[in-house]
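Since the structure comes first, as structure tokens, the remarks are kept for the end.
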Amino acid sequence: VVWTPGHEGLVGNERADEEARKASEEGSSRERLLPKYIRKPLPHSQAAVKAAYRKELLERAKGQWRKSRRFDRLNRYD
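full-length UniProt numbering applies: residue 1 is where the sequence shown begins, and numbers increase by one.
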């Protein structure tokens, strides 16, 4: 990755420019700092990215539902 100043001449964007430069020099982020869905190799197509994101959202929703105080009572009707 090569750093190219993209915020040059825009007031208030010097920090973004500096962060982009540092990111290009430091290499990859530490895995634990990345969102779960990009810790694994990224899907290649836009449809695959959307599907992976939908899957992550569904897993989160299911987890929240299981933690709900109504889960035990209402789950038996599904």
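Just so you know, even glycine gets a beta-carbon here, dropped at the ideal spot from N, CA and C.
Using only the alpha-carbon positions, how far apart do residue i and residue j sit?
i	j	result
Ala51	His44	11 Å
Tyr37	Tyr53	7 Å
Arg15	Arg30	21 Å
Arg66	Asp17	43 Å
Phe71	Ser24	46 Å
Tyr77	Pro35	34 Å
Lys62	Gln46	24 Å
According to DSSP, is residue i part of a helix, a strand, or is it coil?
i	result
Gly27	coil
Arg69	coil
Tyr37	helix
Asn13	coil
Tyr77	coil
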